[in-house]
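Novice: The structure is given below, and queries will be raised subsequently.
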Amino acid sequence: MTGWFPVALTMDVPAGTAAPARLSGKEIALWRGVDGEIHAWEDRCPHRGMRLSFGFVRNGNLACLYHGWQFGADSTCRHIPAHPELRVPGTIRATAYQVQERCGMIWVSLDETPSLSHLPEGEASGVRSLLVQVPLQTARTSLNMEASNWKQQDNCLFAVHEPAVGLTMLHVASWTVAGQREAARQAVQLRDRLEAIKETVLA
Amino acid sequence: MRLRDWALDDRCYAVRLGASLMGVKLPTVTDDSALESGPALELVDDVLHGSLDILKRLVTLPDVLQEWNSGTDAMTWAANALDSFSIMRRTVMLASLPVENPAQLAMPLMGEIEDRLAENRLDGRCWVSGDHPGVADIMLFPVVALSQDLEVPLDLYPAVRNFMRHFKALPGFITMPGVPECH
Ligand code: FES
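Top line first, the protein sequences correspond to chains A and B. If you use full-length UniProt numbering, the first sequence closes out at 203, no skipped numbers anywhere. If you use full-length UniProt numbering, the second sequence closes out at 183, no skipped numbers anywhere.
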């Protein structure tokens, strides 16, 4: 899977918090230090595999909920509470992915050195994300997204990702405060229409 | 005044949570009938049944801030959400065989809650009850926090996560088994 994928809105991972995301079933822990920097890691603690997105941010580190191992912004383990004296070997680290914030959204890439040229530009802010229970391709087709996973329309940005097969998350951002409600309304309308079509087909 | 309580019941938790947030000391007595029929509040000459009526009564106590009140619509909506969630959760947790894909049961309800919270957020309001959390929010919290018992993936519901984060930061917040502490 190559390219950038919008996995959440910037406003949904405030400073000092962690949140879960999925990309085609791959579990990702998003977290933001109190310095505002965003991180996207594999959602799996190197110790015993606990989900890091259940963790909490302490002293600029992400601490695992299970035994409290702390991982720094560079994803290396900095502190093991059961062995406070130990200088933790640098090989113990979480798996970090490439992450960018653009237009009020958090974009993740699983490529090692992805090009930034396919990301939208500008100062939009997030409106809301919503689940659409249809396959990603169905959502992209009805949004006329062609090869991309985002589309700018008037003063709004619509972007989609697939948390798991058969599900789409639709993320909405707007360049103007006044446009937020209308953008949210359009997104809800689209979701209701697509899900109703699916119901009819299944019936 | 004391509560007939069952520690693992979501509706009983709503009442204990509400009492704690409102600063009401509420002695409890474990009563396994609460597992079936929910919490009951023993008063001097009366017994009140159900989370909604009990929470509404707590708000009338002299030392409780009136702000804990919610509009009737919001309260009815949240009470219905808690009732239907509670039935689903008991069905799943008391089933003799594991229920396949329990999240599917709760997702329509979670979607409805997410929509309402997302709309509130666009209005700059964090709570279902308005600018101050109220009885409706207290009844909603067990639904979203215990949705994990039905394996609902919370990455799909960001406004719900936002609500939970704010709720857990309220002074007097208490947990129950299955609801992680705030950090
Ligand atoms: S599993 Fe994360 S610290 Fe043990």
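Just so you know, even glycine gets a beta-carbon here, dropped at the ideal spot from N, CA and C. In this text, all values refer to a predicted model and were calculated from it rather than measured experimentally.
Any heavy atom of ligand 1 inside 6 Å of the beta-carbon of W69 of chain A?
Specialist: Within the cutoff, so yes.
Novice: Any beta-carbon of chain A closer than 7 Å to the one on L156 of chain B?
Specialist: Yes - at least one Cβ of chain A is within 7 Å of the one on L156 of chain B.
Novice: Run through the region 60 to 134 of chain A for me and flag every whole beta strand (DSSP E) of 3 or more residues, listed as ranges in chain order.
Specialist: For the region 60 to 134 of chain A, whole beta strand (DSSP E) runs of length 3 or above, ordered along the chain, are 61 to 63, 77 to 79, 96 to 102, 105 to 109 and 125 to 132.
Novice: Can we count C64 of chain A as close to ligand 2, meaning its CB is less than 6 Å from some heavy atom?
Specialist: You won't find ligand 2 in this model; what it holds is ligand 1.
Novice: With a floor of 3 residues, list each beta strand (DSSP E) that falls wholly inside the region 9 to 94 of chain B, ordered by position along the chain.
Specialist: 28 to 30, 40 to 42 and 47 to 49, all fully within the region 9 to 94 of chain B.
Novice: Take G172 of chain B and list the residues in its own chain whose beta-carbon comes closer than 7 Å to its own, dropping the five residues that flank it on each side.
Specialist: These residues qualify, in order along the chain: S20, L21 and G23.
Novice: Select from A:G60, A:G104 and A:L136 the residue whose C-alpha is nearest the C-alpha of V177 of chain A.
Specialist: The candidate whose alpha carbon is nearest that of V177 of chain A is A:G104.
Novice: Looking only at its own chain, which residues have a Cβ that is under 6 Å from the Cβ of M176 of chain B, when we skip the five neighbours before and after it?
Specialist: Closer than 6 Å at the Cβ level, and outside the excluded window around M176 of chain B, lie Y13.
Novice: Please go through the same chain and pick out, in chain order, the residues whose beta-carbon is closer than 7 Å to the beta-carbon of Q152 of chain A, but skip the five residues on each side of it.
Specialist: Excluding sequence neighbours, Q152 of chain A sits near P120.
Novice: Report the option in B:E151, B:G130 and B:L52 whose CA atom is closest to the CA atom of V92 of chain B.
Specialist: When each option's Cα is compared against that of V92 of chain B, the closest is B:E151.
Novice: Note down the Cα distance separating V128 of chain B from A74 of chain B, rounded to an integer number of angstroms.
Specialist: Approximately 7 Å, taken between the alpha carbons.
Novice: Residues in the region 113 to 130 of chain B with C-beta within 8 Å of chain A's C-beta atoms, listed in sequence order?
Specialist: Listed by position along the chain: E114, D115, A118, E119, R121 and L122.
Novice: Is it right to say D123 of chain B is buried, meaning 16 or more other beta carbons lie within 10 angstroms of its own, or is it exposed?
Specialist: Burial call: exposed.
Novice: Can the beta-carbon of L110 of chain A be found closer than 7 Å to that of M11 of chain A?
Specialist: Contact: no.
Novice: Along chain B, in chain order, which residues have C-beta atoms closer than 9 Å to that of D12 of chain A?
Specialist: Per Cβ cutoff of 9 Å: P158, A159, R161 and N162.
Novice: For chain B, check one thing: does any of its Cβ atoms lie closer than 7 Å to the Cβ of A21 of chain A?
Specialist: True, the Cβ-Cβ gap to chain B drops below 7 Å.
Novice: Does L30 of chain A come within less than 7 Å of chain B when only Cβ atoms are used?
Specialist: Taking Cβ atoms only, chain B never reaches closer than 7 Å to L30 of chain A, which makes this a no.
Novice: Run through the DSSP bridge pairs and tell me what H171 of chain A is partnered with.
Specialist: A:S129 and A:A159.
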